[in-house]
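Heads up: the protein sequence lines correspond to chains A and V, in order.
Residue numbering for the first sequence follows the working numbering, beginning at 1 and increasing consecutively.
Residue numbering for the second sequence follows the working numbering, beginning at 1001 and increasing consecutively.
As structure tokens, the structure follows; a few thoughts come after it.
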Amino acid sequence: MRRQLSAVISWSYFVAIYGFIFLPVGVLVLFSFQDGNLPIPPFNGATWKWYAEVFADDKLTSALGNSLMVAFLSSLLACVLGFCAAYGLARYRLPGTAFQRVLLTAPMTVSYLIIALGLLVVFNWVGIRLSLWTVGIGHVVINLPLCFAIIYASMGDHQKNIERAARDLGASNLQIMILITAPILMPSILAAFFLSITFSWDEFIIAFLLSRFEVTLPVEIWSLLRSGLNPKTNAIGSVVFLISAVLLVLLEIFVFQGRSKDDS
Amino acid sequence: MSSASIEKSETRKAWCFVAPALAWTVAFFVLPFAFMAAVSFASRVSRQTVYSWDLGNYINFFSKSYLLKGLFVSLEITLLVTVISVLLAYPLAWIIAERVPRRWQRAALILAILPFWTSYVVRSYSWLLVLSENGVINNLLLDIGIISEPLQIASSTTATVIGFVHFFVMLLTLTIYSNLIQLSPNYKRAAFDLGANAFQTFWHVILPLTLPGIMVGAFLTFVLCIGDYITPQILGGNNELVLPQIIMLQLGRRADIPTAAALSIVLMAVVTIAYLLCLRWLKMERT
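The structure is reproduced here in structure tokens:
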């Protein structure tokens, strides 16, 4: 009896919290199909009208393209820099390794607002004009520590023997890095890469403060919010949700499959 | 080649690998940060930034009540959010770890954090749809007849707290779950063998063992919450401004970078203090 009661309480709690978690997303997606001008109850019936409007809006589609491009390029650079640094620090003995690790991961502990503000001050002072490039620089700053930490953590000693074997067989350092180390570490490199992409894709404050004429999607959505509640905002929000969900599935596939391969 | 010169060339190669990342971090993180710290000691005189090297901005912060109040509002909201999120997330993590069959646990977790990956801006906007004056909640409550007048939830601190809690329940469920699942079932068995009931087992065995994990998750919540601008700006309205909103206000309307920089340094100091407290607590726990 008591057992059953506790089971009932547990499962009701489970359902209630999941309801809470999915409530806003559900409302968002449902009212993106609203046949009417306000995304609030009552629901008048379904229409694709707002999606059509989203894809006809040049500002939104170009912001979407900008976002994907900034996310892809900044994550790529962050991954390459992070991988090289992790390789250097894990495979060679350098003075001050501990200090370098701290330095490379330090940006993780500082809020994005402060990173953006610092870059803004410096760009102003040097006279660099704000653009998507400056946004990209900011995104590499926030993603480099992440990439470095993930890849560094997966560089174990057991890979050293394979690298040593390659060296004995006459491979150069660069060949070893590209042909041996990188493929072995590919699961964590991809994990770092996709995680960086999702962070950059979703990042607002750096993109907001460091861009001017061309903006990324979160910034464009932000300016859309000024017009209040609007089914079009729901529609673009649902599109973003879909893209993020796809990224999550990719992450899950690469990380999860990578992990299970390691286990076997 | 002698071994010394081999070592030298090896060291040089290693530097080649590490140097680009280090250079990037120094150029675009350390330097800007140092610069911002310097600017916080400057002042804004007739639309020009003058390097006066005084504590004017910091003195202003502690003497002007609307700036200081921002810090207190931030701390209040952050602490409230952290406590509520932990209290809501712990049972959920426990249910997933204990009640959900093993092979469904991963799916349950992924489902729980799926909305976590929607755009942050969009998520706050979605809460606006739910909480606004003629939104879903008010409509539902009016239809059922619980209330006769719509509740004013949107544009208030309550809405900000709800938006934050939604985000951090997902985050904390993940961290607490990973803690619970690592516990050996032997602890529980031992407690039962020694005559403890379910509650005693939880209170004296499971909870203390997961406390360090909770603290780490709570600290993460604290840091992300206190530095956030989007959620309070979209959901909180303009009544009780938090520190990041005040910082953005200095940047936007008045282009007052020195004050914004000083406020950011204060924000960072608060986070650092929280970090040191958390670290000290974890050390005490261990000894």
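We put the CB at the ideal spot given by N, CA and C, even for glycine.
No experiment lies behind these values; they were computed from the predicted model shown.
Does residue i come within less than 9 Å of chain V when only Cβ atoms are used?
i, result
"ASN66 (chain A)", "no"
"TRP125 (chain A)", "yes"
"ASP263 (chain A)", "Any answer about ASP263 (chain A) is weak, because its pLDDT of 45 lies below 50 and its placement is not dependable; what the coordinates show is given next. No, because no Cβ of chain V sits closer than 9 Å to the Cβ of ASP263 (chain A)."
"GLU163 (chain A)", "no"
"TYR112 (chain A)", "yes"
"TYR18 (chain A)", "yes"
"GLY170 (chain A)", "no"
"ALA7 (chain A)", "yes"
"LEU81 (chain A)", "yes"
"LEU247 (chain A)", "yes"
"PHE22 (chain A)", "yes"
"TYR51 (chain A)", "no"
"ARG93 (chain A)", "yes"
"ALA182 (chain A)", "no"
"PRO187 (chain A)", "no"
"TRP133 (chain A)", "no"
"LEU60 (chain A)", "no"
"VAL70 (chain A)", "no"
"VAL54 (chain A)", "no"
Between residue i and chain A, is there a C-beta pair that is closer than 9 Å?
i, result
"PHE1168 (chain V)", "no"
"CYS1278 (chain V)", "no"
"LEU1071 (chain V)", "no"
"TYR996 (chain V)", "The structure shown does not extend to residue 996 (chain V), since chain V is modelled only from 1001 through 1287, so no value can be given for it."
"GLY1227 (chain V)", "yes"
"VAL1223 (chain V)", "yes"
"ILE1230 (chain V)", "yes"
"TYR1051 (chain V)", "no"
"LEU1067 (chain V)", "no"
"PRO1150 (chain V)", "no"
"ILE1234 (chain V)", "yes"
"TYR1275 (chain V)", "yes"
"VAL1271 (chain V)", "yes"
"LEU1282 (chain V)", "no"
"LYS1244 (chain V)", "The residue asked about is misnamed: residue 1244 (chain V) is Pro in this sequence, not Lys. It does: the Cβ of PRO1244 (chain V) has a partner Cβ on chain A nearer than 9 Å."
"LEU1207 (chain V)", "no"
Run through the DSSP bridge pairs and tell me what residue i is partnered with.
i, result
"THR1049 (chain V)", "V:ARG1044"
"GLN34 (chain A)", "A:ALA46"
Write down the C-beta distance between residue i and residue j rounded to the nearest angstrom, noting that I regard them as a contact closer than 8 Å.
i, j, result
"ALA1042 (chain V)", "VAL1030 (chain V)", "So it is not a contact: roughly 19 Å between Cβ atoms."
"ALA1092 (chain V)", "PHE14 (chain A)", "It is Leu, not Ala, that sits at residue 1092 (chain V) in the sequence shown. About 7 Å separates the two Cβ atoms, so the contact holds."
"ASN143 (chain A)", "SER188 (chain A)", "That belief does not hold up - the Cβ atoms of ASN143 (chain A) and SER188 (chain A) are roughly 14 Å apart, past 8 Å."
"GLY1135 (chain V)", "ILE40 (chain A)", "6 Å"
"GLY138 (chain A)", "ILE206 (chain A)", "4 Å"
"ILE178 (chain A)", "ALA166 (chain A)", "With 8 Å as the limit, ILE178 (chain A) and ALA166 (chain A) do not qualify as a contact, their Cβ atoms being about 11 Å apart."
"PHE1061 (chain V)", "VAL1205 (chain V)", "In fact, because the Cβ distance is near 46 Å, the residues do not count as touching under 8 Å."
"PHE204 (chain A)", "VAL25 (chain A)", "In fact, because the Cβ distance is near 18 Å, the residues do not count as touching under 8 Å."
"SER32 (chain A)", "PRO231 (chain A)", "6 Å"
"THR1173 (chain V)", "ALA1037 (chain V)", "Actually they are not in contact, since the Cβ atoms of THR1173 (chain V) and ALA1037 (chain V) sit about 37 Å apart, beyond 8 Å."
Using a beta-carbon distance cut-off of less than 7 Å, what residues from the segment 1133 to 1144 of chain V approach chain A?
Cβ contacts with chain A: ASN1134, GLY1135, VAL1136, ASN1139.
Decide if the segment 1153 to 1161 of chain V is in contact with the segment 1122 to 1137 of chain V; the criterion is three or more beta carbon pairs, one per stretch, under 8 Å apart.
yes
Given 8 Å, three or more beta-carbon pairs between the segment 233 to 252 of chain A and the segment 41 to 61 of chain A:
yes
Which of the residues in the segment 1022 to 1042 of chain V, read from start to end, lie with their CB under 7 Å from any CB of chain A?
LEU1022, TRP1024, THR1025, PHE1028, PHE1029, LEU1031, PRO1032, PHE1033, PHE1035, MET1036, VAL1039
Quick one, which residues of the segment 1111 to 1136 of chain V are near chain A if we go by CB-CB under 8 Å, in chain order?
LEU1111, ALA1112, LEU1114, PRO1115, TRP1117, THR1118, SER1119, TYR1120, VAL1121, VAL1122, ARG1123, TYR1125, SER1126, TRP1127, LEU1128, LEU1129, VAL1130, SER1132, ASN1134, GLY1135, VAL1136
Between the segment 1069 to 1080 of chain V and the segment 1241 to 1259 of chain V, do three or more beta carbon pairs fall short of 8 Å?
yes
Residues of the segment 1246 to 1267 of chain V with a CB closer than 9 Å to any CB of chain A: list them in chain order, please.
ILE1247, MET1248, LEU1251, ILE1257, ALA1260, ALA1261, SER1264, ILE1265, LEU1267
Can you give me, in chain order, the residues of the segment 189 to 208 of chain A that have a beta carbon less than 7 Å from any beta carbon in chain V?
THR198, ASP202, PHE204, ILE205
Going along the segment 1095 to 1106 of chain V in order, which residues come within less than 7 Å of chain A, judged by CB to CB distance?
ILE1095, ARG1099
Kindly confirm or deny that the segment 1169 to 1183 of chain V and the segment 17 to 30 of chain A touch, where touching means at least three C-beta pairs closer than 8 Å.
yes
Tell me which residues of the segment 1005 to 1017 of chain V have at least one Cβ-Cβ distance to chain A shorter than 8 Å, keeping chain order.
GLU1010, THR1011, LYS1013, ALA1014, TRP1015, CYS1016, PHE1017
Evaluate contact between the segment 225 to 232 of chain A and the segment 82 to 100 of chain A, counting only Cβ atoms and requiring at least three cross-stretch pairs below 8 Å.
no
Using 8 Å as the cut-off, can you tell me whether the segment 109 to 118 of chain A makes contact with the segment 34 to 54 of chain A, which would need three or more C-beta pairs spanning the two stretches below that distance?
no
Below 7 Å between beta carbons is the criterion; list the residues of the segment 30 to 49 of chain A that meet it against any residue of chain V, in chain order.
So the close ones are PHE31, PRO39, ILE40, PRO41.
Can you pull out the residues from the segment 214 to 244 of chain A whose beta carbon lies closer than 7 Å to at least one beta carbon of chain V?
PRO218, ILE221, TRP222, LEU225, LEU229, THR233, GLY237, VAL240, PHE241, SER244
Contact set between the segment 144 to 161 of chain A and chain V, restricted to residues whose Cβ is under 7 Å from the partner:
LEU144, PHE148
Check whether the segment 1247 to 1264 of chain V and the segment 1052 to 1067 of chain V are in contact - that is, three or more C-beta pairs closer than 8 Å.
yes
Under 9 Å, CB to CB, which of the residues in the segment 1077 to 1090 of chain V have a partner in chain A?
LEU1088, ALA1089
Taking 8 Å as the threshold, find out whether the segment 190 to 202 of chain A comes into contact with the segment 78 to 88 of chain A through three or more Cβ pairs.
yes
Assess contact between the segment 1190 to 1205 of chain V and the segment 1231 to 1238 of chain V, defined as three or more Cβ pairs (one per stretch) separated by less than 8 Å. Is contact present?
no
Do the segment 1076 to 1085 of chain V and the segment 1213 to 1225 of chain V meet, that is, are 3 or more Cβ pairs less than 8 Å apart?
yes
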